[in-house]
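Take the sequence shown: its position 245, counted from the start at 1, is 245 in my numbering, and no numbers get skipped.
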Amino acid sequence: MSFEIPGVLWRRDPQAAEVPLVFDSPHSGSSYPEDFCFCCPFEVLRTAEDSFVDELYSAAPALGATLIGAVFPRSYLDANRAVNDIDAALIDGMWPSPLAPSHKTRSGLGLVRRVVRPGIPIYERKLSVDEIRGRLERCHTPYHRVLDEACQRAHRKFGSVWHVNCHSMPSQRSAKSSKKGGHCADFVLGDRDGTTCEPEFTAFVARELRARGYTVRINEVYKGVEIVKRQGRPAAHRHSLQIEVDRALYMDQKTLEKSAAFDQLRADITGLIEALKGFASARLEERRVENVV
Ligand SMILES: [Zn+2]
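Okay, here's the thing in structure tokens:
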């Protein structure tokens with residue numbers, strides 16, 4: 001069975017024997033709501049999307065996992081931010097509860113973005129309290145509810161769940177960044193410094209990706225944000241890991257079109273999901289033996 005909230009999200013359920021794996025792509029949505037009312041150029045706004053990330057992981061349901069994707073764009077409302085991570089300067093009026101703007105919000109990249117990237121504002125006005133509240137109720141609340149239900153369901157059935165929060169990152173490969181000594185990796189894994197999943201999960205994913213020829217960094221620049229923070233409770237056998245992949249590996253960052261290398265990356269990610277099935281089943285077996293002993 002699958003499920004959809006039009007304009008908000010979809011959930012694709014396992015099409016084979018279910019495994020305790022849940023994947024979600026919160027930033028690949030590209031359906032721009034009519035009430036967005038942005039003022040920046042559309043093609044620039046679209047560069048905020050994690051384009052095609054849902055497609056990179058689309059083999060998950062056929063392999064027995066659940067896959068969830070946002071339909072709304074991340075520049076409209078970012079499901080990977082806390083509900084109080086709001087910039088007071090963006091609001092026309094007083095927000096009814098205390099705000100806790102993060103460093104991301106201070107640079108304009110909070111729950112409701114002020115800029116596409118530094119120097120490119122999204123609005124030429126402030127947003128009303130009702131406007132922001134509406135976005136939260138329509139997009140943020142159901143996204144987290146559906147993801148939480150999927151992880152809880154798998155956890156109830158298997159006793160453990162491994163969740164992967166899927167993203168892509170703008171490439172750091174430009175001459176400018178490398179001159180600055182900026183980081184440069186094909187994948188960055190984030191478990192908020194070892195707090196959102198068991199270390200074996202992060203290590204396994206890193207090993208699998210490196211075995212396929214990719215460079216991997218862990219908790220550098222991208223440590224994981226709200227989604228892995230909410231889902232990750234390793235002591236309760238709920239493991240959550242963020243994976244960022246360099247966009248230059250699968251798309252043209254100017255035209256936002258897939259590159260010829262897309263299919264290879266998708267095949268490698270499919271291989272990773274298959275390997276994760278083996279990992280999850282081995283971990284469940286280890287726990288079963290520990291409990292018997
Ligand atoms: Zn993202």
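Backbone N, C-alpha and C define an ideal beta-carbon position, used for all residues, glycine too.
{"Asked": "Beta-carbon spacing of residue 272, residue 209 below 8 angstroms", "Found": "yes"}
{"Asked": "Contact check, residue 121 vs residue 40, beta carbons under 8 angstroms", "Found": "yes"}
{"Asked": "Per DSSP, cross-strand counterpart(s) of residue 184", "Found": "Partner(s): none; residue 184 has no beta bridge."}
{"Asked": "Heavy atom of ligand 1 within 7 angstroms of residue 193 beta-carbon", "Found": "no"}
{"Asked": "Residue 112 and residue 90 closer than 8 angstroms at C-beta", "Found": "yes"}
{"Asked": "Residue nearest to residue 66 in terms of C-alpha spacing, selected from 127, 220, 165", "Found": "165"}
{"Asked": "Anticipated Cβ contact below 8 angstroms, residue 22 with residue 151, distance rounded", "Found": "5 angstroms"}
{"Asked": "Residue 50: CB within 7 angstroms of a non-hydrogen atom of ligand 1", "Found": "yes"}
{"Asked": "Residues near residue 49 by beta carbon distance below 8 angstroms, same chain, minus five either side", "Found": "27, 28, 29, 30, 73, 74, 75, 256"}
{"Asked": "Secondary structure of residue 258, DSSP reduced to three states", "Found": "strand"}
{"Asked": "Three-state secondary structure assigned by DSSP to residue 246", "Found": "strand"}
{"Asked": "Contact set for residue 239: own chain, Cβ-Cβ below 8 angstroms, skip 5 residues either direction", "Found": "160, 161, 162, 163, 196, 197, 198, 201, 232"}
{"Asked": "Option in 105, 16, 88, 130 with minimal Cα separation from residue 225", "Found": "105"}
{"Asked": "Buried versus exposed, by CB contacts within 10 Å (16 or more), residue 180", "Found": "With a pLDDT of 40 at residue 180, under the threshold of 50, the predicted position of this residue should be treated as unreliable, and no value is reported."}
{"Asked": "Continuous beta strand (DSSP E) stretch holding residue 70: start and end", "Found": "66-70"}
{"Asked": "Test item: CB-CB of residue 119 and residue 87 under 8 angstroms", "Found": "no"}
{"Asked": "Backbone secondary structure at residue 175 - three-state DSSP", "Found": "Any answer about residue 175 is weak, because its pLDDT of 46 lies below 50 and its placement is not dependable; what the coordinates show is given next. Residue state, collapsed to three classes: helix."}
{"Asked": "Between the CA atoms of residue 211 and residue 20 - distance to the nearest angstrom", "Found": "23 angstroms"}
{"Asked": "Exposure of residue 61, with buried meaning 16 or more beta-carbon neighbours within 10 Å", "Found": "buried"}
{"Asked": "Segments of 4+ residues assigned as alpha helix (DSSP H) that fall wholly inside the region 116-167", "Found": "129-135, 141-158"}
{"Asked": "Beta carbon of residue 228 nearer than 8 angstroms to that of residue 192", "Found": "yes"}
{"Asked": "Delimiting residues of the alpha helix (DSSP H) encompassing residue 43", "Found": "42-45"}
{"Asked": "Residue environment, residue 14, which counts as buried when at least 16 other CB atoms sit within 10 Å", "Found": "buried"}
{"Asked": "First through last residue of the alpha helix (DSSP H) which encompasses residue 227", "Found": "226-231"}
{"Asked": "Coarse secondary structure for residue 281, derived from DSSP in three states", "Found": "helix"}
{"Asked": "Distance between residue 127 and residue 97 (C-alpha atoms, nearest Å)", "Found": "16 angstroms"}
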